[in-house]
Structure formats: structure tokens, C-alpha cells
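Protein chains in written order, with my numbering: chain D, 21 to 182; chain W, 7 to 768.
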């Protein structure tokens, strides 16, 4: 089977790669583009460790084919920080100790960014339901939710100042 | 909400211990840069895949791999015939012992497959697609055998026998026929039957739990490379790279010095990564193919072929006086071991009554092999299921006596000087303080509404020490590197850096913790049993103290004073000799800068076998609400109180308490292995094997009680295991109160709740 040539925008930069029609976006990101921040925990869309944002929409990259990325704008964990400046979510995850092993963390951060893009002032319940597709086995979610709500508050404050 | 309660006599006044700095590996883990097991790759690597048994129990008649080997792109195929048969040999791990003969056969089957998912062959090919195609071309002929998974069915004399070499240990006389009962454990004191007969109040119950998986989100993964000269390298995610090295060497018949293992970041383990599955296969494939081989499990494989922990039956009888003194306890435990002996029932027996001071007791445990994956350690192995039975029985006793369940536990609770049922006499334990903290917590005073219930339960874990190595190197600019051999599973780099900074008297940011490969640091037992902060932390402290001793010696030389005239204060050498007048202190930076002139590089490595891990106690308080229409249980509030000895980095201690509680809630409410009539797992994925998600849980409040462990330089006790022990009972007691019926069979999934409510409605 011949490979397809795919052109997309990944974390703001032009990207192109060759892929088999059956390859998932997750495998293409990890194996073709070397972006191993997105993780595979299940391969069936149940754990959220592979979360990426495609054209503004949160998706499990293990459930999307790489060929479907043609012409799309893809955001992964590697694009969350601005250069060496961490995104407020990343900073708050560190301050709140919202990670233990850190394997689910990239997916949780990408999903949290999608949440705050859609809803800058989520309640605890809204955050918990939005992140219900991201499994974390270490933390019990307490510190994760606190970090997300704290980051949201800080980002609202920054917007008011700006 | 989080509180830290110090005992009045606890020594505080630390500069760095007890603070909450950002973890040293944090930025890599929030930016996606941290490299976990599957993130490593080598040039020219092949992809390995495993062919697994479709049968729960079958004899392997033949394996024909010729068609697979003929497929273009296939570079190697291995079967059990490629591995040496090992003699029975028990090796101690951090949490549980393993038999090398059994582990070798678990890695790849020989004459029989013992569970669905048991590895029978492995393939390496130039692509995953070709490797998977090759698996289908390997022809395995099986002769299916009757199987047994339920623990009590496996104990029956009519049960199909898994191993003809198992003759029950621990019974007299030794049986003449093989059976599935590998061992009988017993701990007893006094005359339990007489004490039960004399008791004024008695309760009795039979409780059951199902096998549950550790559920780490990162599947097992490794890359192995073996050269033609027999030198091998492994990169893998595990709870101990020295463990990976030792087990791989045994299973392949190699020398330990021929294998170098580099630890990847580990994406959760909880005990499940204290054994190996893939590494020997990848090494054997690499040896045959002459190229590196990468192997990564699917989630389906993780469920079917790794972990889980035992399902079991827990039978409890308690006797007490009318005024609430527990006088007798009889506990019988039957635990599934999976395909090979070695369930955690021994530890379950030892922990069963550890929270209580009871004169007459008997604890009997049965280790039973079943046609399911060989169990692996899971956080406080064995203790949660036992505590489920015992704590529910204690709750029932409290209700029967009409006393507060915390008061009953305080009255009968373990305290300093009490001889534990498993042998030692407790010292420096904080169980009563922990109970008192829950009793006085605002949560305990909250009123419950309709369809709501409250549960309280306690738990115990020994915690372990063991062998560890640490090195401390001072850089030319006065910063420090701390090197250990324990994978960081939940923030241990932060606690190593904190402890070194405390001893050296420098800011924690000036200490860089590193986890070295097996060739770059001395031996360390694996990360497990809640031993790392205690034992490896002790090695770090001793190495840093050695460095401080050397720094003082250097300063004494500079000042031409005896060494005892130099003190180390706040990261500086201070001259105590009054004859020297007002000599300026020498900073670590200053001493590091002149090290070439004073004797060379400043560093130390310490290896030790740490003893005296302080046991841990926890008390959990849980409020639930039942939806009578759906049978769904909502956890409304959850409080974890625990004696933590000394919280080195309090945020990561709280994290252990919260995470353990969440896992226990999943065990209590939803998680279970479901097998069909053929012994095949029906829910081998996260959709059907349902671990708690964010919307299932409330915030989890914590209270850290600090009763320091005198055997650790800063008072640390292990904290990771205890928090999974009480939740099964705490949740079940709360649900029982909400539905008005004692719930004795986990998980308390909606269909079970509905069935009870329907029966009540008649």
C-alpha cells in the first residue's frame, strides 16, 4: 500500500509527512514527526492521554487517522508553552503538584486548554465533567482540578489587566 | 483542604524538609519532553509483538513458526523452547517475593498455557504491520483443558489442577495429591474458639472482592539490544531497573554484568511494574535478529496478561464484651494467586488485625492458583481486601454495641507497646492520633440527608526499607548532584533533592537529582513497598553527610585547625577555634572552587540496607448518596487522615493519600475482572473496566499526622501504601448505611445496589 503525503499545521508550523492510510494521527505525531509528548494509554479513546486539539476541537489522536489531518491545524502538548515561557496551566500544574507519574499530564493539559478556550470561568463541576475523558490513576484528580481552576482565575485576571 | 498536625514533641525547624518546591523533573513532564517507556527509539530497531493464548487452560501440542519466519520482513521468532528451564528459586522484591521458575514460564509458556493472554511466542519484524501478520502465521495446536477461576471452586478437590508439582505447603501432614492450594498461612495467639464462645457480643460475615488491575495509564514498554558479543542494553519503564536486570539475566541465563538497564520515566506502576514481562522476549528476539527490538503492550494485553491483584473471600468473626472490648477475632482469607503461586495472602494475614489490640485471635490464609493472569503486587498488597472484611465487621460490631465507630476503634486500637498480631511490638505509631483527628474534623459533624450514608474505616501497612545506594557530587560552583537508582514514580526526585539540600544547607534549587542506570550507581532494590523516601532517602542523607564531613575536613586544612574545630552551618564551614580569631566562614561554593588544591573532587557514595521503616496507619471517612432509581453511588465527601512520620514534600504526601483513596473508591464501586464461561476476560479495556474519572470524585481532604520515625534522619515513614487500605470498607460501610443493608460483595456497582433496593421493596 502506497503512503499518502500529508500537509498540516502543527503547533503553528508547517509540517508534512508520509503515512499509511491506516495509521492513526497519534502514531504519525509520535513516529513521523517525533512529537512523543502525546501518549497512548489505551488506543481506544478511553483514557485521553493522546488528547490534541484539531481546528480548535479536542480529539483523541488515537481515534483519528493521520490522513484526516490534511490541511488541518493541530495543537499538541509540545506547542502549549510559548518558547521557554510556560502556559499558566503548566505553571499551575507544577505549583499544585498536580502530577505524580506525569504520563497522563500532557493529555490533561491539552484537554484543560481546550476547556479554558471554550469556558474561561468553569465551575469545579464543569471542569470535572470536561476532564472526565482523561484518566489519571495517580492523583485522585484533587490537585488537577485545583490547578485548572487556579490557572483559569489567573488567566481571567491577566485578561482584565491587559 | 489540607492540615498538618504535629505532635507537640515533634522537632521542627527544618530549612527545606516540609517545604513544597516545584519538582525538579516537573517542566519536562508538563511540556511533553519527559521520555517514558514507549518514547525511546534506536536506529534500525525492529518491532516486537507477542502471540497469546486464546484459552484459559490448555496443553500446547505444537508450535510451528515456519510460515511466520518465511514472511518477508520477519527477523526473529522465539518460543518457550528458546529459554532455559529454571529451578524453583524464590527472590525477594520490594513488596513481594517471586519464584524465578514461575516468572520465566509466565514470560513465555512451555508445555501449558495457564490463562487467556499467556504468551506463547514472540516475533520481531521490520514493521508493526508485518509483526502482526506474522503472529497470525504462527500455528499453535492446543489441547484445551477444563479451567477454574473462582477461588473457592479452585480449592475444591474436584477442580482442574493447574500444576502437578503443587502440594499444599503449611499443612500437616503434607498432602499426597497435587492441588491448586499452594500454601496455608496461619497467625494465632490464645484460644480463639473459647474466647468467641465467652464473648458477650459476636458478629460474623463473609465478604468477597474481585480481581482488580493496578490500572497504570502507561502500558509496559521496552527497547532491548543484544550484541553479537553477548552485551545487552535495555531501556524500559519499570519500578526498578536493577530488578529488570536481575530477572532478565536469570530468565535468559546471562551474567548480570552483561546487561545494562537504563530506566525510562515510569507512567504509573502501583506494584504492577515490580515484575517483568517483555524484556526477556525483546532480548531473545534481539539476540536472534541482530538488531534492537522495541516492544509496547496494548491496553488489552495489559489487562489480559499483567497484574492484577487477587480477588478473594474474607470470612470474619469477632467477639467483644458488652462494654466494647474486642476479645476475639477469627479471620480466614482465600486469595486468588492467578496462574502461579504467590498471592499477597501472607501480607494480608499479617495486616488483618494490625490496627487492633486483641488477646485471642486466629488468622488463616489460603494461596490458591487459578486460570487467570499471575497476580502482581498492588499498593499495600493483600491488605485492602482483608481490611474490607475486618473493618466492615468492626463497624457491624459498633452498631450492635450502639457505640461510635471511632470510639470503638480508639478503645481497641493499636498504640505504642501493643504487640501486633504479626509479631513486633509497636513503637512510635500514630494510629490513635489519626482516629482523634477524624473524630474532631468538621466533616465528622456534618449531618447526612436522605439516601446518604457515612463510612469510617482504618488501615495499616508495614512499609519497608531495604538496600539502596545514593551518591552526592559537589560541582565546581558549589551546586550538588544527587544520584540514586530508584525510578521516580510520584515525585521522589523532589524528596531526594530536599533531603540533600537540608543536610548540605543549600537551596533545593542547587541540588539536581538524577536517576542513574544500573552501570552508573550501586545496587538499589526497586521502588515499592513505600521504601524509596525512607531507604533511598536515608542513603541520600548519609551521602550528603559524608560530603559535609569532607567539606569540614577541607576547611580544617585551609585553616590549619583540627576537624572538630569546624562546624557546618547554613551551607558554610564555620571555624570554632577561638585562637584563630575572627576567621571568615568558607561557603560551599568557596570550598568547591578550591577543591583541586585541597584534595580533589568532593563526592561520596553510600550503600546501605535500611531497617526500621515505621509502620503507617490511616483512617478514612466517606459520605455517599445513592440514586434509588439507577443504583448509582455518588461519593459526596472524602477525608483521609494518616500518620506520615514526617512529610518531606507535603504536596506529594497528600498526593499519595488522595491517589490511594481514589483507587480504593474504584475498587469498591466499579472495578472488577469479568470472565465469560470459557475463562476469557470480557472487559479488557478502560471503557468496560471502569476506573474513577474526575467527575466520579469530590475533592479529597487530607490530614497529615506527623509522628516522626526515629529510624529515619528526618522522621520519614512510607506513605504510599496505606491510603488504599481503608477505602473499600469506608465506601462499603457508607453505602450499607445509605441502602440499609450490609453490603458484603464488591464492587458495589449499580446493578448490585438496584438488586438490594428491589429486594427491600419486595
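Glycine residues also receive a C-beta, built at the ideal position from the N, C-alpha and C atoms.
Taking the C-beta atoms as reference points, residue 28 (chain W) is found nearer than 8 angstroms to residue 115 (chain D). Look at residue 221 (chain W): its C-beta is under 8 angstroms from a C-beta on chain D. Here DSSP, grouped into helix, strand and coil, assigns residue 55 (chain D) to coil. Residues are counted here when their Cβ sits less than 7 angstroms from a Cβ of chain D; for the stretch 306-317 of chain W the count is zero. According to the DSSP assignment, residue 226 (chain W) belongs to no alpha helix (DSSP H), since it is labelled neither H nor E. Around the beta carbon of residue 286 (chain W), 16 or more other beta carbons lie within 10 angstroms, which makes this residue buried.
Taken through DSSP and simplified to helix, strand or coil, residue 530 (chain W) comes out as coil.
A check of alpha carbon separations from residue 677 (chain W) across W:756, W:449, W:717 and W:551 identifies W:756 as the nearest. Residue 73 (chain D) does not reach chain W, its nearest Cβ partner there being about 14 angstroms away, counting only Cβ pairs nearer than 9 angstroms.
Beta-bridge pairing by DSSP links residue 586 (chain W) to no other residue.
Residue 352 (chain W) and residue 428 (chain W) have their C-alpha atoms spaced approximately 10 angstroms apart.
Taken in chain order, the members of the stretch 679-705 of chain W whose beta-carbon sits within less than 7 angstroms of a beta-carbon on chain D are 691, 692, 693, 697, 699, 700, 701, 703 and 705. Taking all protein chains shown into account, residue 600 (chain W) has fewer than 16 neighbouring C-beta atoms within 10 Å of its C-beta and is therefore exposed. As a beta-bridge residue in DSSP terms, residue 628 (chain W) pairs with W:461 and W:644. Distance from the CA of residue 19 (chain W) to the CA of residue 296 (chain W), rounded to the nearest whole angstrom, comes to 58 angstroms. DSSP, read as helix, strand or coil, puts residue 239 (chain W) in strand. Across the set W:200, W:175, W:526 and W:186, the C-alpha of W:175 shows the shortest separation from the C-alpha of residue 192 (chain W). Per the DSSP secondary-structure output, residue 71 (chain D) pairs in a beta bridge with D:80. Sixteen is the threshold: when 16 or more other Cβ atoms of the shown chains lie within 10 Å of the Cβ of residue 55 (chain W), as they do, the residue is buried. Relative to residue 649 (chain W), the option among W:693, W:463, W:606 and W:729 whose CA is nearest is W:729. Residue 95 (chain W) has a beta carbon lying at 8 angstroms or more from every beta carbon in chain D.
Residue 702 (chain W) counts as buried, since no fewer than 16 other beta carbons sit within 10 angstroms of its beta carbon. Nearest to residue 465 (chain W) by C-alpha distance, out of W:386, W:341, W:489 and W:301, is W:386. The contact set of residue 42 (chain W) on chain D, defined by CB atoms closer than 9 angstroms, consists of 56, 59, 121, 122 and 123 in chain order.
Residue W:461 holds the alpha-carbon nearest to the alpha-carbon of residue 394 (chain W) among W:378, W:348 and W:461. For residue 440 (chain W), the enclosing alpha helix (DSSP H) begins and ends at 437-445. Taking a beta-carbon distance threshold of 8 angstroms, residue 163 (chain D) counts as an interface residue toward chain W.
The C-alpha of residue 292 (chain W) is placed about 10 angstroms away from the C-alpha of residue 84 (chain W). Judged by their CB atoms, residue 552 (chain W) and residue 569 (chain W) are not nearer to each other than the 8 angstroms cut-off.
Residue state for residue 34 (chain D) is assigned as strand, using DSSP reduced to three classes. Within chain W, the residues placing a beta-carbon under 9 angstroms from that of residue 98 (chain D) are 37, 38 and 39, ordered along the chain. Across the structure, residue 254 (chain W) and residue 517 (chain W) are spaced so that their CA atoms are roughly 33 angstroms apart. When secondary structure is reduced to three states using DSSP, residue 559 (chain W) falls in the helix class. Check the Cα spacing between residue 301 (chain W) and each of W:221, W:732, W:138 and W:21: the tightest is with W:138. The Cβ atoms of residue 563 (chain W) and residue 725 (chain W) lie no closer than 8 angstroms to each other. Approximately 6 angstroms separates the beta-carbon atoms of residue 314 (chain W) and residue 679 (chain W); this is inside 8 angstroms, confirming the contact.
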